[in-house]
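Participant:
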Amino acid sequence: MTVQIRQDGKCVIEGVEYPGVGYGTWPLRDDVCFHAILDAARIGYRIIDTATLYGNHVPIGKALKKLGREQYYVTSKVWPNNHRPQDLKKDLVKALEDLQTSYLDAYLLHWPNSKTPIEDTMEAMVAAQKAGLIRHIGLSNVTPNHLKRIFELKVPITWVQNEMHPHFYEPSEVQACTSHGIGFQAWGPLGRGRLVEDSLLKKISEKHHKTPAQVALRWIFQHQGLSLPGSRNPVHMQQNFTLWDFSLSKEEMEKIDAQGLHGERERAVGIGLGFDDEFDYSYEQCWPHT
Ligand code: NAD
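For any residue, its number in this note's numbering is found by taking its place in the sequence shown, counting from 1, and adding 95.
(1) Considering only the alpha carbon of each residue, which of Ser342, Ser267 and Pro284 lies closest to Arg302?
(2) Contact between the region 263–278 and the region 291–308: three or more CB pairs below 8 Å?
(3) In three-state terms, what does DSSP make of Cys272?
(4) So the candidates are Asp103, Gln102 and Ser377; which of them puts its Cα closest to the Cα of Lys243?
(5) For Gln334, report the span of its alpha helix (DSSP H) as first-last.
(6) Please name the residue in Glu214, Arg141 and Val127 whose C-alpha comes closest to that of Leu248.
(7) If I measure Cβ to Cβ from Leu312 and keep anything under 7 Å in the same chain, skipping five residues before and after, which residues do I get?
(8) Between which two residues does the beta strand (DSSP E) carrying Arg164 extend?
(9) Which residues share a DSSP beta bridge with Asp144?
(10) Counting Cβ pairs, one atom from each stretch, are 3 or more of them under 8 Å apart for the region 204–213 and the region 184–191?
(11) Would the beta-carbon of Pro154 be found less than 6 Å away from any heavy atom of the ligand NAD?
(12) Can you tell which of Gln224, Ala135, Ser326 and Leu203 has the C-alpha that lies nearest to the C-alpha of Gly278?
(13) Are the Cβ atoms of Ser171 and Ala135 separated by less than 7 Å?
(14) Thinking C-alpha only, which one of Tyr149, Gly150, Asn151 and Ile132 is nearest Ile142?
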């Protein structure tokens, strides 16, 4: 198994220990992003999430150069308009150049694009892995149907990065990963900031002398997820990194689960991103055979 979320708060990736919470960098840019990465590093974050779409590879690269690239696990993602092999290669080369690194730790398909044959996209991913340009391959915004299709291709998937927080929880997505030894990363783990006002989380957090944000992130951790909270506020960054000195009871977990199960995910449909998401796709429609 490549990825393991351990009880002691460590995320072990191929035997190397990292903190069990990562740092999300959307929508940070330019100098704000550069300084935020330095703050995150000082606090102890070692897993950094970015994407070509975020437009912040350059300031992250500058920060990593100052900090020492090797200590960090850096993930980036390729947008669906660049899933054809030649386009993917170009996206990756530019990402490496901007991040001032010879390799990415993980490279994810940002959203599925069923109009591009997945066999071709994955061949390009595997070629990049064999060439040492990426260590691990991942997918983002996928359903268990997508995973079933990808397993047929026998491509080693290390990560899935999906939306998950106490206002949206889809257990089948987490289980499809954990049962196959795939690491699950939770994006938007604080519901894009909304969760700090949630009354259930407030009540639970008071009992533990924690904040609602810490309860949300701890809930994800206890579900074996690696959350990627985003913040440029060092006080919040520190809070989001302090999750290992308390634990939620079974009853508290179940109460938050129940709330998340009734929630709705964010959709990317008709909002001008150049594609519509594919969450409602059946198995047959997920990356159809060419
Ligand atoms: P989030 O749930 O992490 O919420 C971020 C918001 O919460 C910000 O406004 C921040 O100021 C606030 N916040 C953070 N910590 C707080 C704290 N302790 N107390 C109070 N407020 C706090 O949402 P996000 O940033 O959109 O998602 C996290 C990361 O996930 C992104 O930075 C990005 O790296 C990744 N992401 C990936 C995808 C994808 O499609 N794969 C989509 C969205 C985000």
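Glycine is no exception: its CB is placed at the ideal position from the N, C-alpha and C atoms.
Facilitator: Let's see:
(1) On the sequence shown, residue 302 is found 207 positions in, with the first residue counted as 1. For clarity, residue 302 is Lys in the given sequence; the question names Arg instead. If we check each option's Cα against that of Lys302, Ser342 comes out closest.
(2) no
(3) The residue labelled residue 272 in the question sits at position 177 within the sequence shown. Residue state, collapsed to three classes: helix.
(4) Position 148 of the sequence shown, counted from the start, is the residue given in the question as residue 243. Ranking Asp103, Gln102 and Ser377 by Cα distance to Lys243 puts Ser377 first.
(5) The residue given as residue 334 occupies position 239 in the sequence shown. Gln334 -> alpha helix (DSSP H) spans Pro329 to Asn335.
(6) As a position in the sequence shown, residue 248 is number 153, starting the count at 1. Checking every option, the nearest Cα to that of Leu248 belongs to Glu214.
(7) Numbered from its first residue, the sequence shown carries residue 312 at position 217. For Leu312, where only same-chain residues beyond five positions count, the Cβ hits under 7 Å are Val116, Pro284, Ser322, Pro324, Asn335 and Leu338.
(8) As a first step, residue 164 is located in the sequence shown; it is residue number 69 there, counting from the start. Run containing Arg164: none; DSSP gives neither H nor E here.
(9) Within the sequence shown, the letter at position 49 stands for residue 144. Paired residues: Gly119 and Thr170.
(10) no
(11) Within the sequence shown, residue 154 is the residue found at index 59, counting from 1. Checking the Cβ of Pro154 against the ligand NAD gives no.
(12) Walking along the sequence shown from the start, residue 278 turns up at place 183. Closest option to Gly278, Cα to Cα, is Leu203.
(13) Position 76 of the sequence shown, counted from the first residue, corresponds to residue 171. Position 40 of the sequence shown, counted from the first residue, corresponds to residue 135. The answer is no: Cβ separation not under 7 Å.
(14) The sequence position of residue 142 within the sequence shown is 47, counting from 1. Nearest option by C-alpha distance: Ile132.
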